[in-house]
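First the structure, in the form of structure tokens, and then the observations on it.
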Amino acid sequence: MKKLIIANWKMHYGPLKAGAWVRAFRRERLPKDLDVAVAAPFVSLAAVRASLGRASIPALAAQDAFWANEGAFTGEIAPVMLSEFSCAYCLVGHSERRINLGETDEMVAKKAAVLQKAGISPVICVGETETQRRKGEQDKIVRAQLTAAVAGLKGDGRAVPVVAYEPVWAIGTGRPCTPQHAKDMHGNLRGVLKKKFGAAADHVRIVYGGSVDLRNIGEFLTTTGIDGALVGGASLDPRNFALLCRAAIPA
Ligand code: 13P
Numbered sequence: 050m051k052k053l054i055i056a057n058w059k060m061h062y063g064p065l066k067a068g069a070w071v072r073a074f075r076r077e078r079l080p081k082d083l084d085v086a087v088a089a090p091f092v093s094l095a096a097v098r099a100s101l102g103r104a105s106i107p108a109l110a111a112q113d114a115f116w117a118n119e120g121a122f123t124g125e126i127a128p129v130m131l132s133e134f135s136c137a138y139c140l141v142g143h144s145e146r147r148i149n150l151g152e153t154d155e156m157v158a159k160k161a162a163v164l165q166k167a168g169i170s171p172v173i174c175v176g177e178t179e180t181q182r183r184k185g186e187q188d189k190i191v192r193a194q195l196t197a198a199v200a201g202l203k204g205d206g207r208a209v210p211v212v213a214y215e216p217v218w219a220i221g222t223g224r225p226c227t228p229q230h231a232k233d234m235h236g237n238l239r240g241v242l243k244k245k246f247g248a249a250a251d252h253v254r255i256v257y258g259g260s261v262d263l264r265n266i267g268e269f270l271t272t273t274g275i276d277g278a279l280v281g282g283a284s285l286d287p288r289n290f291a292l293l294c295r296a297a298i299p300a
């Protein structure tokens, strides 16, 4: 499976800076055998698309979507609107949304299903908090999160989901989990996918997120079972992010 690295800008970069980021990133050399995507704020998606021109890398990703395609839902963005932008991916259930906006497993599941129907691969984010880890509940928690999120998904090869394992305590702290911890957890998550999708689970990438940077990306991506990375802080500088992509897949 081709590895996938997604930049998650979070709430950074309006249209002006987003366009400049893409133009700078496009000047960098990238490994051929790597899928790269940028999860931009909604209002910056058009600028990212425009700055890409005819280029297809990085692919476009959104950071969230609503669970219906039309209707009286003030302020929300529908999956079909994102497919008009040719978004390839959309994050769902990021811990920052679960924590700050009260997103539940049920909401995440509904969003993932509508996105997939709209032809967009949902990037399902799961991960335990520090407290849950201290109690030794991490396996149970992330398994439950993923089981709920994939309930309405199909394994027919269209808009194949991606799973992002992001331990909450590792996000933005400069304290990533060890590749071994990620490997164990990815194995755990792979089991959930097998149960749901059977052989089609082999096509679902499980990526790691949480303080991934230029120094540790190589070790994560050479660890068995880690199919890519979801990168926050280290994606904000286009040159640094390009270097990170290069370090991920050594020539
Ligand atoms: P950091 O890479 O800044 O830790 O953020 C990770 C993350 O939340 C990506 O979605």
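Convert by adding 49 to the 1-based position in the sequence shown; the result is the number in the numbering used here.
We treat Cβ as the ideally placed atom computed from N, Cα and C, and that holds for glycine.
All values derive from a computational prediction rather than experimental measurement.
Distance between residue j and residue i (C-alpha atoms, nearest Å)
| i | j | result |
| --- | --- | --- |
| GLY120 | GLU152 | 20 Å |
| VAL172 | LEU140 | 5 Å |
| ARG183 | TRP218 | 11 Å |
| CYS226 | LYS166 | 33 Å |
| HIS270 | PRO210 | The question names His, but residue 270 in the sequence shown is Leu. Their backbone Cα atoms lie some 19 Å apart in a straight line. |
| LEU195 | LEU109 | 24 Å |
| ALA86 | VAL191 | 24 Å |
| VAL92 | ALA114 | 13 Å |
| ALA104 | LEU83 | 15 Å |
| ALA208 | LEU65 | 30 Å |
| HIS61 | LYS52 | 25 Å |
| ILE126 | GLY102 | 24 Å |
| TRP58 | LYS244 | 33 Å |
For residue i, three-class secondary structure by DSSP
| i | result |
| --- | --- |
| ASP84 | strand |
| CYS139 | strand |
| CYS174 | strand |
| LEU238 | helix |
| ARG183 | helix |
| VAL256 | strand |
| ASN118 | coil |
| GLY63 | coil |
| LYS166 | helix |
| ASN149 | helix |
| LYS52 | strand |
| LEU101 | helix |
| ASN57 | strand |
| VAL280 | strand |
| ALA89 | strand |
Buried or exposed by the 16-neighbour rule on C-beta atoms within 10 Å, applied to residue i
| i | result |
| --- | --- |
| ARG254 | buried |
| ASP305 | No answer is possible for residue 305: it lies beyond the span of the chain, which begins at 50 and ends at 300. |
| GLN229 | exposed |
| PRO90 | buried |
| PRO299 | exposed |
| GLY185 | exposed |
| PHE246 | buried |
| HIS235 | buried |
| HIS143 | buried |
| GLY221 | exposed |
| MET156 | buried |
When the options are compared against residue i, the one with the closest alpha-carbon
| i | options | result |
| --- | --- | --- |
| TRP70 | THR123, ARG98, ASP113 and THR272 | ARG98 |
| ALA249 | VAL256, LEU202 and LYS81 | LEU202 |
| LEU164 | LYS189, ASP154, LEU131 and GLU186 | LEU131 |
| ASP233 | GLY168, PHE246, PHE122 and PRO216 | PRO216 |
| SER32 | GLY281, GLY274 and VAL241 | Residue 32 is absent from the structure shown; the chain starts at 50 and stops at 300. |
Meets three-Cβ-pair contact criterion under 8 Å: the segment 141-152 and the segment 170-181:
yes
Any 3 or more C-beta pairs closer than 8 Å across the segment 68-83 and the segment 275-289
yes
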